[in-house]
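Peer 1: In terms of this note's numbering, the sequence shown is residues 334 to 550. Each residue gets a CB set at the ideal place from its N, CA and C atoms; glycine is no exception. Below is one structure. I have some questions about it.
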Amino acid sequence: MEIRQETREFWERAGAVKTFTHPLDPELLHAYVPPDVPVLDYGCGYGRLTAELVAAGYADVRGVDVSRALVERGRREHPGVRIEHWAGLPLPFGDGSFGAALLFAVLTCVPGSGEQREIVAELGRVVRPGGVLYLSDMPLQRDRWDVARYEAYAGRFGTYGVFGTSDGGVFRHHEPDRLRGLVRAHGFTVEAERTDMVPTLDGRTAERLQLIGRRRG
Ligand SMILES: C[S@@+](CC[C@H](N)C(=O)[O-])C[C@H]1O[C@@H](n2cnc3c(N)ncnc32)[C@H](O)[C@@H]1O
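Pasting the structure below:
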């Protein structure tokens, strides 16, 4: 499944004008991410959560995104917040530069397992030992409508949980154990997890899974 180029183009056009809704959980954030550590918001989009972190008192926050259009929008909407465009990996940061990294609703936009591994491995490199990966994403849903679309698209994309949208997006919902394994395989211990219901990009409500990974020393 190599659809990287198409999905990148989507995030420059239709994806770049969407309103993102996947919320930060302030309780988890404050319990695991101290306000005085450098924080990376990877896949920050238009800097919605980057700006929220700054407003919450986090002193050293930077957002990075692959979409030039979303970064430009973020700079317009949140002047003064550090939001940078970086199209590939590795990131332009040294090993252990950050005390925490956010990965919010990004893996749902990355259909390929290999590309997902590259992202989490890179966050394992830039988060220092003892630091935190705060990941929030969409597990496989159990409702009939979602199950029907997983089945309808499984043949086309070859991976259960990957589906397309009418505006050209390709998304993935994840087997929770695979997500936990991804985090563990790249240097983190899963220290906490939580599920709740959140609004989605298409105006519905769906279950999400939050994982707190602690970077092993
Ligand atoms: C649903 S948005 C979430 C943005 C932000 N984290 C938030 O919650 O507001 C998904 C983000 O993932 C980025 N993205 C899409 N494909 C990606 C990829 N292959 N690698 C890294 N980021 C990607 C998009 O540019 C977009 O900003």
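How far does the alpha helix (DSSP H) with threonine 538 in it reach, from first residue to last?
Peer 2: Per DSSP, threonine 538 belongs to no alpha helix (DSSP H); it is in the beta strand (DSSP E), 538 to 548.
Peer 1: Using 8 Å for Cβ pairs, my map puts tyrosine 375 next to leucine 440. What's the rounded Cβ distance?
Peer 2: So it is not a contact: roughly 10 Å between Cβ atoms.
Peer 1: For a test of your reading of the model: does the CB of glutamate 448 fall under 7 Å from any non-hydrogen atom of ligand 1? Yes or no.
Peer 2: Within the cutoff, so yes.
Peer 1: Strictly by DSSP, which residues pair up with glycine 497?
Peer 2: Answer is Val503, bridged to glycine 497.
Peer 1: Quick one: grab the DSSP three-state call for glutamate 342.
Peer 2: Residue state, collapsed to three classes: helix.
Peer 1: Reducing DSSP to helix, strand and coil, say where tyrosine 482 ends up.
Peer 2: Checking the displayed sequence, the identity of residue 482 turns out to be arginine instead of tyrosine. Residue state, collapsed to three classes: helix.
Peer 1: Taking the beta carbon of proline 371 as the centre, do at least 16 other beta carbons fall within 10 Å, making it buried, or is it exposed?
Peer 2: Flag for proline 371 reads buried.
Peer 1: Please report the Cβ distance between methionine 530 and threonine 538, rounded to the nearest whole angstrom; I am assuming they are in contact, meaning their Cβ atoms lie under 8 Å.
Peer 2: The Cβ separation is near 5 Å, so the contact holds.
Peer 1: Confirm, please, whether the CB-CB distance from phenylalanine 504 to arginine 442 is below 8 Å.
Peer 2: Arginine is not the amino acid found at residue 442; the sequence shown has cysteine there. Their beta carbons are under 8 Å apart, which means cysteine 442 touches phenylalanine 504 by this criterion.
Peer 1: For glycine 348 and valine 404, I'd like the C-alpha separation in whole angstroms.
Peer 2: Cα-Cα distance, rounded: 12 Å.
Peer 1: Taking proline 367 as the reference, which of Thr354, Asp393 and Trp344 has the closest Cα?
Peer 2: Among Thr354, Asp393 and Trp344, the Cα nearest to that of proline 367 belongs to Asp393.
Peer 1: Confirm, please, whether the CB-CB distance from glycine 514 to glycine 549 is below 8 Å.
Peer 2: Going by the sequence as given, residue 549 is arginine instead of glycine. No, the Cβ-Cβ distance between arginine 549 and glycine 514 is not below 8 Å.
Peer 1: Would you say valine 397 and leucine 424 are within 8 Å of each other, going by their C-beta atoms?
Peer 2: Against a cut-off of 8 Å, the Cβ pair of leucine 424 and valine 397 comes out as a contact.
Peer 1: Is alanine 433 near ligand 1 - that is, is its Cβ less than 7 Å away from at least one heavy atom of it?
Peer 2: The answer is no for alanine 433.
Peer 1: Note down the Cα distance separating arginine 450 from aspartate 510, rounded to an integer number of angstroms.
Peer 2: In a straight line, the C-alpha of arginine 450 is about 14 Å away from that of aspartate 510.
Peer 1: Are the CB atoms of arginine 517 and glutamate 448 within a distance shorter than 8 Å?
Peer 2: Result no, Cβ atoms of glutamate 448 and arginine 517 do not sit closer than 8 Å.
Peer 1: Leaving aside the five residues before and after tyrosine 391 along the sequence, list all residues of the same chain whose C-beta is less than 6 Å from its C-beta, in chain order.
Peer 2: Around tyrosine 391: Pro368 and Val372.
Peer 1: Who are phenylalanine 521's beta bridge partners in DSSP?
Peer 2: In the DSSP output, where bridge partners are listed per residue, phenylalanine 521 has Arg548.
Peer 1: When the Cα atoms are used, what is the spatial distance from glycine 536 to alanine 388?
Peer 2: Straight-line Cα distance between these residues: approximately 26 Å.
Peer 1: Measure the beta-carbon distance from aspartate 428 to arginine 395 and round it to whole angstroms, keeping in mind my assumption that it falls under 8 Å.
Peer 2: Contact doesn't hold; Cβ gap of about 16 Å is too wide.
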